[in-house]
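Engineer:
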Amino acid sequence: MSDVAQECAELVASRRVGAYHHLTFVAPGIAKLARPGQFVAVAVGGEEPATLLRRCFSLHKVSPAGAHRGTVDLVVSAVGAGTRWLTALRTHDRTDVVGPLGRPFPLPKEPVATVLVGGGYGSAPLFWLADTLRSRGCRVDMVLGAATEERLFGAVEARRSADSVVVTTDDGSVGHRGWVSDVLPAVITHSRAAVVYACGPMGMLRSVTEVAAEHGAVAQVAVEESMACGVGVCMTCVMPVRGNDGATRMVRSCVEGPVFRGDRVRWDAFADGRCLVPEDAVGAAAMRAH
Amino acid sequence: MSDVAQECAELVASRRVGAYHHLTFVAPGIAKLARPGQFVAVAVGGEEPATLLRRCFSLHKVSPAGAHRGTVDLVVSAVGAGTRWLTALRTHDRTDVVGPLGRPFPLPKEPVATVLVGGGYGSAPLFWLADTLRSRGCRVDMVLGAATEERLFGAVEARRSADSVVVTTDDGSVGHRGWVSDVLPAVITHSRAAVVYACGPMGMLRSVTEVAAEHGAVAQVAVEESMACGVGVCMTCVMPVRGNDGATRMVRSCVEGPVFRGDRVRWDAFADGRCLVPEDAVGAAAMRAH
Amino acid sequence: MAPVDLSTDLGGVVLPNPVMTASGCAANGRELHRFVDVASLGAFVTKTVMSQPRSGRPTPRMAETPSGMLNSIGLQGPGIRAFCEEDLPWLREHGARVLVSIAGGTAGEFADVAAHLAASPAYDCVAGVEVNISCPNVANRGQVFACNPEASAKVLTLVRERLPSGTPLFAKLSPDVTDIVEIAASVLGSGATGLTMINTLLGVVIDTERLRPQLAAVTGGLSGPAVRAVAVRAVWQVHAAMRAGTLPEAPIIGVGGVRTGADALELVAAGACAVQVGTATFHDPTAPRLALDGLAGLVAAHGFDRFADVVGIAHERT
Amino acid sequence: MAPVDLSTDLGGVVLPNPVMTASGCAANGRELHRFVDVASLGAFVTKTVMSQPRSGRPTPRMAETPSGMLNSIGLQGPGIRAFCEEDLPWLREHGARVLVSIAGGTAGEFADVAAHLAASPAYDCVAGVEVNISCPNVANRGQVFACNPEASAKVLTLVRERLPSGTPLFAKLSPDVTDIVEIAASVLGSGATGLTMINTLLGVVIDTERLRPQLAAVTGGLSGPAVRAVAVRAVWQVHAAMRAGTLPEAPIIGVGGVRTGADALELVAAGACAVQVGTATFHDPTAPRLALDGLAGLVAAHGFDRFADVVGIAHERT
Ligand SMILES: Cc1cc2nc3c(=O)[nH]c(=O)nc-3n(C[C@H](O)[C@H](O)[C@H](O)COP(=O)(O)OP(=O)(O)OC[C@H]3O[C@@H](n4cnc5c(N)ncnc54)[C@H](O)[C@@H]3O)c2cc1C
Ligand SMILES: Cc1cc2nc3c(=O)[nH]c(=O)nc-3n(C[C@H](O)[C@H](O)[C@H](O)COP(=O)(O)OP(=O)(O)OC[C@H]3O[C@@H](n4cnc5c(N)ncnc54)[C@H](O)[C@@H]3O)c2cc1C
Ligand SMILES: Cc1cc2nc3c(=O)[nH]c(=O)nc-3n(C[C@H](O)[C@H](O)[C@H](O)COP(=O)(O)O)c2cc1C
Ligand SMILES: Cc1cc2nc3c(=O)[nH]c(=O)nc-3n(C[C@H](O)[C@H](O)[C@H](O)COP(=O)(O)O)c2cc1C
Ligand code: FES
Ligand code: FES
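Protein chains in written order, with the UniProt record's numbering: chain A, 1 to 290; chain Z, 1 to 290; chain D, 1 to 318; chain W, 1 to 318.
1) Could you tell me if the beta carbon of C237(Z) falls within a distance shorter than 7 angstroms of some heavy atom in ligand 3?
2) Across the stretch 106-121 of chain A and the stretch 178-188 of chain A, are there enough close Cβ pairs to call them in contact, namely three or more that are closer than 8 angstroms?
3) For a test of the three-state rule: what should DSSP assign to G108(W), helix, strand or coil?
4) Please tell me whether I313(W) has its Cβ less than 8 angstroms away from any Cβ of chain D.
5) Provide the residue(s) that pair with P240(Z) in DSSP beta bridges, ordered along the chain.
6) Going along the chain, which residues of its own chain have a beta-carbon closer than 8 angstroms to the beta-carbon of A216(D), five neighbours each way excluded?
7) State the start and end residues of the unbroken beta strand (DSSP E) segment that holds D141(Z).
8) What's the gap between the Cα of S165(W) and the Cα of L89(A)?
9) Who does R266(A) pair with in a DSSP beta bridge?
10) Verify whether the separation of the beta carbon atoms of E130(D) and V159(D) is less than 8 angstroms.
11) Show which residues of chain A have a CB atom less than 8 angstroms away from the CB atom of R84(Z).
12) Closer than 8 angstroms, CB to CB, is T87(A) near chain Z or not?
13) Residues of chain Z with CB closer than 8 angstroms to the CB of R34(D), please, in chain order.
14) Shortest alpha-carbon distance to E48(Z) belongs to which of G82(A), P125(A), A27(A)?
15) At a cut-off of 7 angstroms, would you count V233(Z) as near ligand 6, judging by its Cβ distance to the nearest heavy atom?
16) Taking any Cβ of chain A, which residues in the stretch 278-300 of chain W have a Cβ under 8 angstroms from it, in chain order?
17) Ligand 6 and C275(Z): does any heavy atom of the ligand fall closer than 7 angstroms to the residue's C-beta?
18) Report the CB separation of V76(A) from T91(A) in whole angstroms; it is logged as a contact under 8 angstroms.
19) Does any CB atom of chain Z fall closer than 8 angstroms to the CB of T95(A)?
20) As a quick exercise: from V144(D), V277(D), G77(D), P121(D), pick the residue whose alpha carbon is nearest that of M235(Z).
21) At a CB distance below 8 angstroms, what residues from the stretch 50-78 of chain A approach chain Z? Give them in sequence order.
22) Specify whether the stretch 222-240 of chain A and the stretch 158-167 of chain A touch according to this definition: at least 3 beta carbon pairs, one from each stretch, less than 8 angstroms apart.
23) Compute the distance between the beta-carbons of D93(A) and H22(A), then report whether it is under 8 angstroms.
24) Could you work out which residue in G203(A), A147(A), V12(A) is closest to A19(A) when comparing CA atoms only?
25) Any C-beta of chain Z within less than 7 angstroms: which residues of the stretch 202-232 of chain A qualify?
26) Examine ligand 2 and report whether any of its heavy atoms sits within less than 7 angstroms of the Cβ of M227(Z).
27) By the three-class DSSP mapping on this structure, what secondary structure does V277(A) have?
28) How many angstroms separate the CA atom of R54(D) from the CA atom of A111(D)?
29) Tell me which residues of the stretch 190-218 of chain D have at least one Cβ-Cβ distance to chain Z shorter than 7 angstroms, keeping chain order.
30) Are G232(A) and A27(W) closer than 8 angstroms when you measure CB to CB?
31) Runs of 3 residues minimum, wholly inside the stretch 64-117 of chain A: which ones carry the beta strand (DSSP E) assignment?
32) Any beta-carbon of chain D closer than 8 angstroms to the one on P251(W)?
33) Any chance the CB of C254(A) is under 7 angstroms from a heavy atom of ligand 5?
34) First and last residue of the alpha helix (DSSP H) that includes M202(Z)?
35) In whole angstroms, what separates the C-alpha of V144(W) from that of I198(W)?
36) Please list, in chain order, the residues of the stretch 59-83 of chain D that have any C-beta partner in chain Z closer than 7 angstroms.
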């Protein structure tokens, strides 16, 4: 029971950053345990919530308790009822936060070159990852993409954390017009990256995985599946992933992920906002019976 | 559509008064229309409320728009989810308020003597009523009762608004130990009151009605039935009241009340937190059929 | 952009828009009219009326529940005579199209109420009759007409006989049944023009301070957003059966948990050609209006210019 | 004041307290154990297990609803062999009393799963077996075993034959039936020791952006505080029938919408001698613990010193 904490966390800062809200909560227990790529599950809606399910957010950064109280930072896009509630909180309001959850980005044993790719708020966990990688002697290049400049997160921070930064936007409002996958090949080639880390929408993660494979790099992708509990008890967040034995299983992205090796994910099962169970997945046959 | 307003009202002041919270909302439309004894129906729970039903509160006072914005004041006892939400609001928060609702206290045509009796937060609407009565030349004596000093509302304000004030508490923590009905006979006798106005728990209203009748005074009581809508559309707030024709009907206390002549209320139907339909009530026979 | 054509066909009678009040959630119009012009609604649905005046049940008659409520009003009302003399003429004068909800303790009483209604001088404002065979607050036990296909069919047959043939007749169904499609088939085969789904779910709330049922009547009907997924499911199943040809095609009025335009759109996309707003009206007396505006906005935002094209559309996209 | 005696008798097996997890809402223990010691619960209820490994349904598998949720997991699980080899021993090692939830696509499969379970070396930690005849996510259509008294009876009879006679056997019922007392009578007459009520209600949610069902499987099960009044009603009706002597007396495990101690007390006062906490666990992983502490506190505050004295008490106070 020592690798996870539950805290009634006080909001100590909330500020707008482009299209997002950057929130800082006091949560020393979580801050102490967390590693880059992990996430937290936040209760929303207050005392009698109509929104019962937790909302999950990547840890943007943590400041472990020292002279100051330990805090965790989240970058939140207000899209629905829960994120609207969360971003409407005011300083000194509190809510319950559970974390750190999920598996962090695996770190290379050797000081290899790496590329970090973020889409939209998906870049949030990458700066902390970048600092960690660089402290281990890894080269870090970053590619940040978004639909518009407003939805690009952390381009300035990136310059501090990375050896180089390339920015793309769908509408060309800043950086290259286009997708991260358009510029990624050149960045990998140039840095000779061995690992590409990525966080963002599914479509992007799939292309990053493909580009990485074409360039002989390993992709480590942090996925975002719809989650009801975040702690592994509900089975809503599953996706088809190949195991070491080659067999595909519907695994829980909250406990076995959110970070997966990109080449293990069965991208072929995802289409149009749904994910089917591949015919060859473990247990798929029993589903056909009834 | 001109006798009621609906406003997304800003909270401009919230302070504790004994066991209660005194809230001031900006609601010029309601303030303009309201009269003593009327109430408002307040939405609670925010944007996605799990608490769907409105909460009703007597208007404590109103300050119609002039140089300043029109405001309405409520005195709220935090007892359940909705009142806890309401009393946790902070200045500048907003919620939807509908009012004024219900029938006000009827005012005497002549400048007769009156006694105003309040139980707990039931005294909230009485000071405004007292001012109105005195401006018409009526003598006003007040009797305020509560379980404890903490739950007594407005004893100080009362001294400004009334010719005399008697206070009772169940535990004797302030004023006479006992119930308002213990002291009421003497007050009525002394002032020769023609009308007794009362607001408070059902048991108190019943005794006030009895005492008033014994002293030849008319009782006008503001009841508090559990209400789902407050505007007359749901039929949850009914109680058995005799009409001019002598027949008992289950009438809606939100539109035909909350103020009733005490001697019209079928107190015999109330017991143990429930109210039965008297056998002789209009439409009771059809209920026995199915 | 041309405004969206919101009109909807209720089985012969065309309404200017698809949003209605729900029976028992807007009384008989006067009170709501302070907040929403009754003529602006697709139709105004009246509180279920029976033959005699009814006092309704003892109080407490309601309990709030998470995102919903439980009620045991017990069909309090003035009886069909007073209704025809006072309420219906008022609604007619104010330009409402009226869906009159009727009930009876026996199939014969249903028919009597219908006959009385049909004889009303104000009958020309009646856009249809909704037969409430599913009110959990009439009988003492949970079993209502709509739990039994034969009992339901008998009520519909008798009511149909007493109404002018042009009057659309809607049977209001209960979700508390093992197979709602079976009940739908039975009433559609017995004179119902269409279906209204759903009435409340039977529920109990315990007052944990007094350790007794919170409602004086013990059981009550559960409504509000809490039950919306059940209402959408009922509409979905019945509309699917119509698409599959196992049920005759017929208009469905969706009701259950609608508060916003998006909520209404859920029922519509599942197969409802009109939508009623009930409990949400207690949350906000302008709720029917807000739901209508919201629905119209969403239909337009999706690029449709006819509301009718959205009805049941989700069945084409599974 | 002496501490309240929280023990409860599950039809032969006595549990130290009446609060359990709900099947499918706490996986098989390991994950929850990070937040709540599985041995501190009255019993740990496992995710329904079938004979073979199952992948479960496609995603999205869930939709949030007002004060509830809809799920279509589809009984994803490892199959009874792996369950007996890995999950049950783990629970046993950690001191849990286990209520094992089983299911099958046919009555025979139910029996096979039971037989396999009974043969498990870890069987001594099994406090009972819960027969899930009511999962809306097994069959494609809404009709589950628990919708039919004969089908339910057959399953119970076969399962009973395969289990040691001392093992309490609970049939988990669906609220989506016209008469739940009829189903209860059928399973209690066929070997069930008691009843678990309720499983989820069948529901549909429409994604109003894509205008299609939000769940890939179209229908799902509705749960959470939104449905609590339905669960309390089901327990109320069945317990009332037992008091009236029209049903044999038997323990009832209440489930549906419990988040707090007061919620649990509602089910208990209505007649449940144990309570499961499901969806609320997603809101707060310590929810079963919180409900237990809250319930214990309320029982004491009401002045009772035995939990058993509160079971069904509301029937004496109507
Ligand atoms: C591991 C992980 C990390 C994430 N990190 C971030 C982040 O750093 N910043 C950020 O803004 N968002 C992040 N998200 C997405 C965020 O969880 C959703 O945007 C949020 O849950 C939506 O909640 P809502 O109430 O606003 O929307 P609603 O649509 O009301 O949500 C309804 C339900 O669906 C679930 N849901 C809806 N969308 C998503 C989604 N995209 N992912 C998971 N669950 C969803 C909600 O949790 C809720 O249970 C992350 C998601 C995951 C799984
Ligand atoms: C005309 C009128 C005037 C009132 N004036 C005041 C006032 O000035 N100050 C004050 O503190 N309270 C007043 N009340 C009582 C107040 O409405 C309730 O205390 C409040 O609704 C409780 O809400 P809750 O969410 O805290 O409790 P909950 O128990 O969560 O409420 C659940 C439901 O029951 C209803 N309800 C519960 N108790 C009452 C009650 N006593 N009266 C009506 N409905 C109830 C609520 O509206 C809600 O729908 C008044 C009630 C009425 C009818
Ligand atoms: C207080 C109340 C009274 C109701 N009375 C009736 C009624 O008289 N006749 C009827 O057919 N339905 C009645 N209903 C059911 C509603 O019309 C509607 O079918 C149900 O509440 C579901 O819709 P909602 O969730 O929008 O409220 C009543 C519901 C409530 C809450
Ligand atoms: C995600 C999820 C999965 C479930 N899986 C099962 C299951 O495998 N077997 C079962 O009997 N019930 C299952 N249920 C139903 C619950 O055990 C419970 O009966 C129901 O959710 C009502 O309780 P609640 O409101 O506390 O969740 C599941 C419920 C949910 C929400
Ligand atoms: S979100 Fe519940 S198991 Fe992953
Ligand atoms: S509270 Fe709805 S009619 Fe009075």
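Heads up, the beta-carbon is just placed ideally off N, CA and C, and yes, glycines get one too.
As the structure is a prediction and not an experimental result, all values here were calculated from the model.
Structural biologist: Inspection of the coordinates gives the following:
1) Checking the 7 angstroms criterion, the Cβ of C237(Z) is out of range of every heavy atom belonging to ligand 3.
2) Judged by pairs of C-beta atoms under 8 angstroms, the stretch 106-121 of chain A touches the stretch 178-188 of chain A, as three or more such pairs exist.
3) The answer is helix: DSSP assigns G108(W) an H, G or I state.
4) Between I313(W) and chain D, the shortest Cβ-Cβ separation is below 8 angstroms.
5) According to DSSP, which records beta bridges pairwise, P240(Z) is partnered with M250(Z).
6) Counting only Cβ-Cβ distances below 8 angstroms, and skipping sequence neighbours, we find R57, P58, T59, P60, R61, S72.
7) The continuous beta strand (DSSP E) containing D141(Z) extends over residues 139-146.
8) Going from the Cα of S165(W) to the Cα of L89(A) covers about 56 angstroms.
9) Per DSSP, R266(A) has no beta bridge partner at all.
10) Note that the C-beta distance between E130(D) and V159(D) is not below 8 angstroms.
11) Residues of chain A passing the Cβ test: E47.
12) No, because no Cβ of chain Z sits closer than 8 angstroms to the Cβ of T87(A).
13) By Cβ distance, chain Z contributes M1, D3, V4, V231.
14) Of G82(A), P125(A), A27(A), the residue nearest in Cα terms is G82(A).
15) Taken from the Cβ of V233(Z), at least one heavy atom of ligand 6 lies inside 7 angstroms.
16) Taken in chain order, the members of the stretch 278-300 of chain W whose beta-carbon sits within less than 8 angstroms of a beta-carbon on chain A are T279, A280, T281, F282, H283, D284, P285, T286.
17) No; taking the cut-off as 7 angstroms, the Cβ of C275(Z) has no heavy atom of ligand 6 nearer than that.
18) Incorrect: roughly 15 angstroms between the Cβ atoms, too far for contact.
19) Among the CB atoms of chain Z, none fall inside 8 angstroms of the CB of T95(A).
20) Nearest option by C-alpha distance: G77(D).
21) Cβ contacts with chain Z: A50, T51.
22) Because the criterion of three Cβ pairs below 8 angstroms is not met, the stretch 222-240 of chain A and the stretch 158-167 of chain A do not touch.
23) Cβ atoms of D93(A) and H22(A): not closer than 8 angstroms.
24) A19(A) has its Cα closest to that of A147(A), out of G203(A), A147(A), V12(A).
25) Residues of the stretch 202-232 of chain A with a C-beta less than 7 angstroms from any C-beta of chain Z: none at all.
26) It does: the Cβ of M227(Z) is within 7 angstroms (strictly closer) of some heavy atom of ligand 2.
27) DSSP, read as helix, strand or coil, puts V277(A) in coil.
28) Whole-angstrom Cα-Cα distance: 18 angstroms.
29) Near chain Z, meaning a CB-to-CB distance below 7 angstroms, the residues of the stretch 190-218 of chain D are R210, A216.
30) Their beta carbons are under 8 angstroms apart, which means G232(A) touches A27(W) by this criterion.
31) Entirely contained in the stretch 64-117 of chain A, the beta strand (DSSP E) runs reaching 3 residues are, in chain order, 71-76, 94-101.
32) It does not: the Cβ of P251(W) has no partner Cβ on chain D nearer than 8 angstroms.
33) Under cutoff, so the answer is yes.
34) That run of the alpha helix (DSSP H) goes 202-214.
35) About 13 angstroms.
36) The residues in question are T59, P60, R61, M62, E64, P66, S67, G68, M69, N71, I73, G74, Q76.
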